[in-house]
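**Student:** Position 186, counted from 1, in the sequence shown is what this note's numbering calls 192; the numbers after and before it change by one each time, with no gaps. Where is the CB? At the ideal position from N, CA and C, for every residue including glycine. One structure follows; several queries about it will come next.
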Amino acid sequence: MRLASRPAGGRPASAHSVPLRPLAGIAVTLLPLLYPALVSAADGTELKEVVVSATLTEQDSRTAPASVTIISREELETRNATDLLEAVRGAPGITFSPRQVSGRKTVALRGLEGKHTLTLIDGRRISPSDDVVGHSDYQYGWLPMSAVERIEIIRGPMSTLYGSEALGGVINLITRQPKDRWIGSVSISGSEVQGDEGGGGHNASVFASGPIGERLTLRVTGEKARNGAIAKKEDRRSSEIEGRESDSVGIGATFQLTPQHSLEANWNEVREQRFYDDVSITRTPVYKETPYRNSYSIQRNQGNLTWKGKFADWKTQVRAYQSEIDIQNSRTNGVSATRPQNMQDRVIDGFGTIKLGSHMLTLGGELREETLRNNGLTNGKDDATHKALFVQDELPLGHQLTLTGGVRVDHHEYFGSETSPRLYLVWEASPEWVIKGGYGHAFKAPTLKQISPSYVGAEGPHTFQGNANIKPEKSDSFEISADWRKGSMGAWATLFNTEVEDLITYKLLSVSGGRRSYLYDNVDKARIRGIEGGFSWDFAKSWSWNNSLTLLDTKDKSTGKKLEDRPDQTLTSRVDWKGGDGWSVRAGLEYTGKQTTAGLPLPAYTLWNGSVGKQLGKGFSLRVGINNLTDVRLAEKSPNFGYAETGRTIFATLRSDF
């Protein structure tokens, strides 16, 4: 089985799998020698990292009832991250899923696909596009990194709080909030890719926030970026990686109505152009190759109005927001373009938290209407209404034990109801040890294309039809973890097992004149289990070493074979030095293990990266570096990779903070 949006070909995948039982024993044996890969604590200082995505209430990330990674503002700047993919790569549990077009890839959590990871902005869902628009990765460009304070990654099922899509987990972008004084930053960066195939680009961003009077605060952000397309070495008529140009703007305001009540409004808009070269091949009536330029115009926007208030012991939040993405395609030399597509989510949600005795209760609900405009639908449009209620209880049991339980009931206009329970236990065994684990159920609702019987997609070589009887994809997951810290050393390791059923793929209906017709249906089942772990060591003054490792063992329960496009191992390791006079140095590697695609083996590869930073005084800083030092090109390792990595790239960023 290939949990992807295209028919798989080739011979079956190998049944070889990672032997997890011996690895689990090794992990437990080595636990006292390891330390968590805390991506936001490169200096080794033991400061509490606050996370809100795990429970909707503030928690210490170490003792939160979930597997949590936090990527701080400082870390984003050190990484020179210009988009969400660059920001989260190398984090525990994260791999990339191929999209088969112009180098695109999506974020996969714990071996599940990109469509099973829910992306949020301050807890607000964005319109998920990768399962609606074929071969796309458009869900990662909703917010410039200059507007982000930190990124919270929750690994594991989170449908109890967030509903559909959160099988693998959630990625929540927490935006920078105004302070009691005006602050801001301006940055300019440029990059150059080695070779003469193209690439390279530039980025300029600005952020500012602060008070106006005693009750009003404002924040503004803007970004302009461009990256050139990179041609394939073997055929320069086609692009290996697409080019991009984008303009982003955001504005927000918070008005303090009273000491207990506030009103917040935000608007973010991104206009992006994607472009790449390709060759169209027709075989009838005669063989013909037609080079052409493929361009996409993508417009995203999200606006929200949020009220926060306190009533006696209640803390409450109610908000209304809309997310919209519009995609238009054009092609040169007479090659037919794909249909325009527009997706909208209109949401009203809210929750309240109250402490009753030793219980911390959270009650909430959501009303969401999603709309898809596509000419493959009857009348060119369809929509669906989602309704949900949820409850969560955080209960101290004594002896440093805390039990967090919750349940959410979602009702979908077409397929009916889905109930998502979750139970998680945390034991703070000692100042050094935290043991935690739990169970969670999650689901993903079918897209409007998949569930609408009126949908017929016939733009490519195949025809796909919607199915009114389709059911949501579901998962049940268990995990247990241990975290140890003492002085400058420590360790963490997590074991997890996920059973997935009713996975949506398609079954063949007919073949006519070489054209195949498929019907979306619930066909596949899968099992994914693995180990996540990490260690870090502040081994000398100003020096730190951080590492994370993910091992996956996957199985298609329909065929008994491994799931495709899931590397058996991923490893990230880096060394940081922070010296005097504002100097800092980083060197690291990212290893991606062997995997299969379309029944064919793909080799492992390693990317080496390094950078040097310097504080220049008066708020200015400079960082220069090299990514992919050894110039790894995936197409040279195997022509079967469904995504690409940019070749050796030199970059420089000048930043001013005020």
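Going along the chain, which residues of its own chain have a beta-carbon closer than 6 angstroms to the beta-carbon of S460, five neighbours each way excluded?
**Tutor:** L383, T384
**Student:** Can you tell me where the beta strand (DSSP E) holding I398 begins and where it ends?
**Tutor:** Contrary to the premise, residue 398 reads as Gln rather than Ile in this sequence. Looking at the DSSP string, the run of the beta strand (DSSP E) that includes Q398 is 387-404.
**Student:** Which one of T359, D137, K531 has the shortest CA to CA distance from Q456?
**Tutor:** Out of T359, D137, K531, D137 has the C-alpha closest to the C-alpha of Q456.
**Student:** For L577, collect the residues of the same chain with a Cβ closer than 7 angstroms to its Cβ; drop the 5 residues on either side in sequence, then sort them by chain order.
**Tutor:** L555, Y597
**Student:** What is the C-beta distance between I537 and P452, in whole angstroms, given that I count them as a contact (C-beta under 8 angstroms)?
**Tutor:** With 8 angstroms as the limit, I537 and P452 do not qualify as a contact, their Cβ atoms being about 32 angstroms apart.
**Student:** Just how far apart, CA to CA, sit S627 and V212?
**Tutor:** 15 angstroms
**Student:** Which partner residues of Q621 appear in the DSSP bridge assignment?
**Tutor:** S627
**Student:** Closest to S165 by C-alpha separation, out of G196, G371, R250, would be which residue?
**Tutor:** G371
**Student:** Taking just the CA atoms, how far does T296 sit from F545?
**Tutor:** 59 angstroms
**Student:** Using the three-state DSSP reduction, which class does S460 fall into: helix, strand or coil?
**Tutor:** coil
**Student:** Have a look at the DSSP bridge pairing and note the partners of N552.
**Tutor:** S542, R580
**Student:** How big is the Cα-Cα spacing for G15 and G605?
**Tutor:** Any reading at G15 must be qualified, since the residue scores a pLDDT of 36, below 50, and its modelled position is unreliable; no value is offered.
**Student:** If we count the other Cβ atoms within 10 Å of its Cβ and call it buried at 16 or more, is T425 buried or exposed?
**Tutor:** By the C-beta density criterion, T425 is exposed, having fewer than 16 other C-beta atoms within 10 angstroms.
**Student:** Can you give me the C-alpha to C-alpha distance between S644 and N553, rounded to a whole angstrom?
**Tutor:** 28 angstroms
**Student:** Which whole-angstrom value is the C-beta distance of T410 and T61, which I expect to be below 8 angstroms?
**Tutor:** 7 angstroms
**Student:** Rounded C-beta distance between S579 and G566? I'm assuming under 8 angstroms.
**Tutor:** That belief does not hold up - the Cβ atoms of S579 and G566 are roughly 34 angstroms apart, past 8 angstroms.
**Student:** Please go through the same chain and pick out, in chain order, the residues whose beta-carbon is closer than 6 angstroms to the beta-carbon of W614, but skip the five residues on each side of it.
**Tutor:** L595, L635, T636
**Student:** Name the two residues that bound the continuous beta strand (DSSP E) containing S3.
**Tutor:** Here the chain covers residues 7 to 664 and nothing more, so residue 3 does not appear.
**Student:** Going by alpha carbons, who is nearest to G147 out of K316, E505, L90?
**Tutor:** Ranking K316, E505, L90 by CA distance to the CA of G147 puts L90 first.
**Student:** Between the region 248-265 and the region 222-240, can you find at least three pairs of beta-carbon atoms closer than 8 angstroms?
**Tutor:** yes
**Student:** Give me the Cα-Cα distance between P478 and E119, rounded to the nearest whole angstrom.
**Tutor:** 15 angstroms
**Student:** So, for D388: in the same chain, excluding its five sequence neighbours on each side, which residues have a beta-carbon less than 6 angstroms away from its beta-carbon?
**Tutor:** So the qualifying residues of the chain are L378, L454, S458.
**Student:** DSSP three-state label for A210, please.
**Tutor:** strand
**Student:** In three-state terms, what does DSSP make of K111?
**Tutor:** strand
**Student:** Give the straight-line distance between the Cα atoms of V154 and N178, rounded to the nearest whole angstrom.
**Tutor:** Roughly 10 angstroms between the two C-alpha positions.
**Student:** Just the C-alpha distance for N633 and G472, rounded to the nearest angstrom, thanks.
**Tutor:** So the two alpha carbons sit approximately 43 angstroms from each other.
**Student:** Just curious, the alpha helix (DSSP H) that V94 is in, first and last residue?
**Tutor:** It spans 90-94 - the alpha helix (DSSP H) in which V94 sits, taken as one unbroken run.
**Student:** Kindly give me the distance between the Cβ atoms of T560 and G117, rounded to whole angstroms, as I take these residues to be in contact under 8 angstroms.
**Tutor:** 5 angstroms
**Student:** Just to confirm the assignment, what range does the beta strand (DSSP E) spanning T565 have?
**Tutor:** Looking at the DSSP string, T565 is not in any beta strand (DSSP E), and its letter there is neither H nor E.
**Student:** Only counting the same chain, and skipping five residues up and downstream in sequence, which positions put a Cβ closer than 6 angstroms to that of Q305?
**Tutor:** R277, D332
**Student:** Only counting the same chain, and skipping five residues up and downstream in sequence, which positions put a Cβ closer than 7 angstroms to that of A19?
**Tutor:** In this predicted model, A19 has a pLDDT of only 37, less than 50, meaning its place in the structure is not dependable; the value taken from the coordinates is given anyway. Contacts found: K567, K568, E570, T602, G605.
**Student:** Alpha carbon to alpha carbon, how far is L367 from R592?
**Tutor:** 43 angstroms
**Student:** Where do the ends of the beta strand (DSSP E) carrying A448 lie?
**Tutor:** 439-450
**Student:** Taking the alpha-carbon positions, what's the N152 to A474 distance?
**Tutor:** Rather than Asn, the amino acid found at residue 152 in this sequence is Ser. When rounded, the distance between both Cα atoms is 43 angstroms.
**Student:** In the structure shown, what three-state DSSP assignment does H141 receive?
**Tutor:** coil
**Student:** So T166 is in the alpha helix (DSSP H); what residue range does that whole segment cover?
**Tutor:** 165-168
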